[in-house]
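In my numbering, the protein residues as written are 420 to 607.
Here's the structure we're looking at; comments come further down.
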Ligand SMILES: C[S@@+](CC[C@H](N)C(=O)[O-])C[C@H]1O[C@@H](n2cnc3c(N)ncnc32)[C@H](O)[C@@H]1O
């Protein structure tokens, strides 16, 4: 039986993709610190007919309520940026993995091409907040998003943090020139 933990799973988009992959024999645990996000996720996935192999757990990624070696894989998409103690969360992800299990982190990262950075900054700090104000009457959330992305460890720093957490064979792949990166690592 394949068991996957989707951390900071929020409204469940990633968990839905994984649930299809693990099949009815497997289990996907959607974990999030926010009860309301969990219940939105549960409603959305239930409406899509995804029920039997999903479980919802309120948790803090920094201190996971699972035994050692419990999961085949742990994912966290657009969530690590919001976790205060990222090093603790990475150690916990490794701890709950079975030997040979894999961690995957999908997160906004640093634009790899220096010439594109001013353009990306202009878009993030000038265009997006204005669009947010125009369409959702909310410039602050977009301003926070841009600032939190700049504070998040870049690709190489996050890779080092994963290694420091005891993960093995750590690597990353840039998507859209590094606007987003996927990091992965294994428990030896
Ligand atoms: C931007 S949402 C990402 C949701 C989803 N993974 C996605 O890709 O759409 C970030 C989520 O991280 C959750 N979160 C923030 N800090 C957390 C923590 N310490 N432990 C678990 N979840 C956390 C928030 O409640 C929120 O649902």
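Glycine included, each C-beta is placed from N, C-alpha and C at the ideal position.
Quick caveat, the model's predicted, so the values are computed rather than measured.
Query raised in the report: On the three-state DSSP scale, how would you describe residue 492?
Result: strand
Query raised in the report: Say the cut is 7 Å; is the CB of residue 456 nearer than that to a heavy atom of ligand 1?
Result: yes
Query raised in the report: Among residues of its own chain, excluding the 5 on either side of residue 545, which ones have a beta-carbon nearer than 6 Å to its beta-carbon?
Result: none
Query raised in the report: Is residue 444 buried or exposed, if buried means 16 or more other CB atoms sit within 10 Å of its CB?
Result: exposed
Query raised in the report: From which residue to which residue does the beta strand (DSSP E) around residue 519 run?
Result: 516–527
Query raised in the report: Per DSSP, residue 449 forms a beta bridge with which residues?
Result: 425, 475
Query raised in the report: Got a sec, what are the start and stop residues for the beta strand (DSSP E) residue 460 sits in?
Result: Run containing residue 460: none in the beta strand (DSSP E); it sits in the alpha helix (DSSP H), 454–466.
Query raised in the report: Which one of 578, 482, 574, 554 has the shortest CA to CA distance from residue 594?
Result: 574
Requested in this report: Note down, in chain order, each residue of its chain lying with its Cβ closer than 8 Å to the Cβ of residue 580, except the 5 sequence neighbours on either side.
Outcome: 505, 506, 509, 572
Requested in this report: Identify which residue in 562, 528, 477, 515 has its Cα closest to the Cα of residue 584.
Outcome: 515
Query raised in the report: Does ligand 1 have a heavy atom nearer than 7 Å to the CB of residue 429?
Result: yes
Query raised in the report: When the Cβ atoms of the stretch 514–534 are set against those of the stretch 454–473, are three or more pairs found closer than 8 Å?
Result: no
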